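Written out below as structure tokens is the structure these notes cover.
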Amino acid sequence: MRRFSAFAIAREAMRQHTGWNRHWRSPEPRKHYDAIIIGAGGHGLATAYFLGKEHGITNVAVLEKGWLGGGNTGRNTTIIRSNYLQDPSAAIYEKSRSLYETMSQDLNYNVMYSPRGVIMLAQTEHEVRGYLRTAHANALQGVQTEFIPPARVKELVPIINLDGPRYPVLGGLWQARAGTARHDAVAWGYARACSDMGMDIIQQCEVTGITRDGDTVTGVQTTKGDIGCNKLGIVVAGHSGVLAEKAGFRLPIESVALQALVSEPIKPCMDVVVMANTVHGYMSQSDKGEMVIGGGADGYNNYTQRGSFHHIEETVRALVETFPMISRLKMLRQWGGIVDMTGDRSPILSKTPVEGVFVNCGWGTGGFKATPGSGFAMAELMAKGRSPLTDEFSMWRFREGKFIDESVAAGVAH
Amino acid sequence: MMMLTCPNCGVTAEETEFHPGGEAHLTRHGPGSSDDDFEGYLFLRENPRGVHFERWRHAHGCGKWFHAARDTATLEVFGTYSAQTTEPPQEIKDAVSAKRPGWRWRDISDGGA
Numbered sequence: 018m019r020r021f022s023a024f025a026i027a028r029e030a031m032r033q034h035t036g037w038n039r040h041w042r043s044p045e046p047r048k049h050y051d052a053i054i055i056g057a058g059g060h061g062l063a064t065a066y067f068l069g070k071e072h073g074i075t076n077v078a079v080l081e082k083g084w085l086g087g088g089n090t091g092r093n094t095t096i097i098r099s100n101y102l103q104d105p106s107a108a109i110y111e112k113s114r115s116l117y118e119t120m121s122q123d124l125n126y127n128v129m130y131s132p133r134g135v136i137m138l139a140q141t142e143h144e145v146r147g148y149l150r151t152a153h154a155n156a157l158q159g160v161q162t163e164f165i166p167p168a169r170v171k172e173l174v175p176i177i178n179l180d181g182p183r184y185p186v187l188g189g190l191w192q193a194r195a196g197t198a199r200h201d202a203v204a205w206g207y208a209r210a211c212s213d214m215g216m217d218i219i220q221q222c223e224v225t226g227i228t229r230d231g232d233t234v235t236g237v238q239t240t241k242g243d244i245g246c247n248k249l250g251i252v253v254a255g256h257s258g259v260l261a262e263k264a265g266f267r268l269p270i271e272s273v274a275l276q277a278l279v280s281e282p283i284k285p286c287m288d289v290v291v292m293a294n295t296v297h298g299y300m301s302q303s304d305k306g307e308m309v310i311g312g313g314a315d316g317y318n319n320y321t322q323r324g325s326f327h328h329i330e331e332t333v334r335a336l337v338e339t340f341p342m343i344s345r346l347k348m349l350r351q352w353g354g355i356v357d358m359t360g361d362r363s364p365i366l367s368k369t370p371v372e373g374v375f376v377n378c379g380w381g382t383g384g385f386k387a388t389p390g391s392g393f394a395m396a397e398l399m400a401k402g403r404s405p406l407t408d409e410f411s412m413w414r415f416r417e418g419k420f421i422d423e424s425v426a427a428g429v430a431h
Numbered sequence: 013m014m015m016l017t018c019p020n021c022g023v024t025a026e027e028t029e030f031h032p033g034g035e036a037h038l039t040r041h042g043p044g045s046s047d048d049d050f051e052g053y054l055f056l057r058e059n060p061r062g063v064h065f066e067r068w069r070h071a072h073g074c075g076k077w078f079h080a081a082r083d084t085a086t087l088e089v090f091g092t093y094s095a096q097t098t099e100p101p102q103e104i105k106d107a108v109s110a111k112r113p114g115w116r117w118r119d120i121s122d123g124g125a
């Protein structure tokens, strides 16, 4: 792997940029691997990366039915934060956020992590109480957040309308070290590092079946032939249920479409991320100047990667009341991703009824922020059979009633 | 926008007039059931990529519940029918089979997708 540096840029500038290599190889699959990860999105690639980096397992293939980072990794609104209520959530999301801080250096790949700060607006009395509770919980967990009054919100976000007729801003939960990162670069950076460790990233390779010997996994059937493995990680977000069925078990997951949209680019007007959970809308400004807007999820099962138009209207209508200046913005693009929702809105990182098969799913509407932490924890789970970060996220917690209930804390957008 | 026909009042309207209610034909296990059954009832949905039977309420109309057969991968609605039944009527099954050959009731995830 050729390292990126200021010197490399200068050198390539002198010779018409002829020396840049492909960031990762595109090999044909071998007959057998120690571990196979299904899904070359951020979480899958991060899992492979930490299997190699932390546990020395490099005989690994990452299989992807489409193209690398083409699912929810490339469809989210790139928000990173860790202000969750429950201890197990705070542990894994804060681990993740801290890994983002040094990711560009670790991967030698600019992921454009921008700790610009995230405000979650409190627009009802219930939200005020909820966020005060979260701020206290975060203090105990060692996650730095604070509840700020409306005047401070206005100072941070001059374009906001505090006295909206329907949604007055009563305060906000502020996490200063939260922010955004370039979502594609996270996937590409991990892919480059994995390929450099000798792992095979195989795109356009759909898994059509999972082969077992009794209750133990032996490999997968794919559109590029059968591939054997000792351990299998299913890291496919919205399609987790479809793959679990191929392995012979069922997951407590429902798949729905979540959508986002971006406006035309405008001059810098908002340098923090603002989330308004009461009205199902959140917004940040990209480096290109586009306002990036995320909305609510559809209410019914959906695999179409597009959302309902009335949800766009709902989101935009509420945001226009909160940010009157965006009322004349044209929207450039709108898209959807399939998110995997669990009953308690917390993820599943777990062993499964099939020996050697592990699942990492259920991140629902908020998986991007968790990418490195999820990969770190999943790799430990796959390598050692147990990880302190995943203990509480078992797929059997629903049977036992041991929920990690973030739906109470946020209800909607994560 | 998805269109649904309410079998209770006969109105055909856009999805915004209805409210989705999740998977239909669940067996409602209660006290005395096994842990497996209760977990299945509460959390384990079919969640197929393809033919899906689901509950809807005509929230901004007659207010009544009904069932719909729909493809989650294309949003195509095969038909709607009364909620007073434990499995889809034959004409709904036929309508699904006509569009998704090889599909079988309670073999949902393999069907058509």
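In order, the protein sequences belong to chains A and B. Heads up, the first sequence is in the numbering used here, so the first residue is 18 and it goes up one at a time. Heads up, the second sequence is in the numbering used here, so the first residue is 13 and it goes up one at a time. Backbone N, C-alpha and C define an ideal beta-carbon position, used for all residues, glycine too. None of these values were measured; they are calculated from a predicted model.
- With respect to the 7 Å criterion, PRO389 of chain A and SER113 of chain A are classified as neighbours on the basis of their beta carbons.
- Listed along chain A, no residue sits closer than 9 Å to PHE78 of chain B by beta-carbon distance, the nearest being about 14 Å off.
- Following the DSSP letters along the chain, one finds GLN276 of chain A inside the beta strand (DSSP E) bounded by residues 271–282.
- Using a C-beta cut-off of 8 Å, the region 241–253 of chain A makes contact with the region 47–60 of chain A, since at least three inter-stretch Cβ pairs fall below that distance.
- The contact set of THR24 of chain B on chain A, defined by CB atoms closer than 9 Å, is empty, because the minimum CB distance reaches about 17 Å.
- Counting C-beta pairs closer than 8 Å gives three or more between the region 198–210 of chain A and the region 26–44 of chain A, which meets the contact rule.
- The C-beta distance from MET358 of chain A to ILE270 of chain A rounds to 7 Å, short enough to fall under 8 Å.
- Taking 3 residues as the shortest admissible run, the region 68–134 of chain A contains the following complete beta strand (DSSP E) segments, listed from N- to C-terminal end: 77–80.
- Classified as buried, PHE67 of chain A has 16 or more neighbouring CB atoms from the shown chains inside 10 Å of its CB.
- Nearest in C-alpha terms to SER411 of chain A, of all of A:LYS48, A:SER106, A:GLY36, is A:SER106.
- Against chain A, a Cβ distance below 8 Å from PHE90 of chain B picks out nothing, because the smallest value is about 15 Å.
- For THR388 of chain A, the enclosing alpha helix (DSSP H) covers residues 388–401.
- Neighbours of ILE270 of chain A in chain B, taken as residues whose beta carbon is under 7 Å from its own, are ASN59 in chain order.
- Counting of Cβ neighbours within 10 angstroms places GLN33 of chain A among the exposed residues, the total staying below 16.
- Residues of chain B with a Cβ closer than 9 Å to the Cβ of ARG334 of chain A do not exist; the shortest Cβ-Cβ separation is about 13 Å.
- At a cut-off of 7 Å between beta carbons, THR39 of chain B makes no contact with chain A.
- Scanning chain B for C-beta atoms nearer than 9 Å to the C-beta of TYR101 of chain A yields nothing, as the closest lies near 21 Å away.
- The secondary-structure analysis by DSSP pairs ARG42 of chain A with nothing; it has no beta-bridge partner.
- Burial of ARG82 of chain B is indicated by the presence of at least 16 other C-beta atoms within 10 angstroms of its C-beta.
- The beta carbon of VAL174 of chain A sits no closer than 7 Å to any beta carbon of chain B.
- In this structure, the alpha-carbon of ASP104 of chain A lies about 12 Å from that of ASP408 of chain A.
- If you look at LYS248 of chain A, you'll find it in the beta strand (DSSP E) that goes 242–251.
- Under the three-state reduction of DSSP output, ASP232 of chain A falls in the coil class, being neither helix nor strand.
- For MET292 of chain A, the enclosing beta strand (DSSP E) begins and ends at 290–293.
- In terms of Cβ geometry, VAL145 of chain A and LEU187 of chain A form a close pair [threshold 7 Å].
- Sequence-distant partners of ARG20 of chain A (beyond 5 residues in either direction) whose C-beta falls short of 8 Å from its own C-beta, in its chain, are ASN125.
- Close partners of GLU66 of chain B in chain A (Cβ separation under 8 Å): TYR317, ASN318.
- For HIS327 of chain A, the secondary structure class from DSSP, reduced to helix, strand or coil, is helix.
- C-alpha of THR64 of chain A to C-alpha of GLY196 of chain A: approximately 22 Å in a straight line.
- For SER121 of chain A and SER404 of chain A, the gap between their C-alpha atoms comes out near 25 Å.
- With fewer than 16 neighbouring CB atoms inside 10 Å of its own CB, MET15 of chain B falls in the exposed class.
- Interface annotation, VAL259 of chain A: in contact with chain B, CB-CB separation under 7 Å.
- Counting only Cβ-Cβ distances below 7 Å, THR28 of chain B has contacts in chain A at HIS327, in chain order.
- Below the 9 Å Cβ cutoff, chain A contributes ASP315, GLY316, TYR317, ASN318 as neighbours of PRO32 of chain B, in chain order.
- Interface criterion not met: the Cβ of PHE375 of chain A is under 7 Å from no Cβ in chain B.
- Close to HIS256 of chain A, with beta-carbon spacing below 8 Å, are these residues of chain B in chain order: ARG61.
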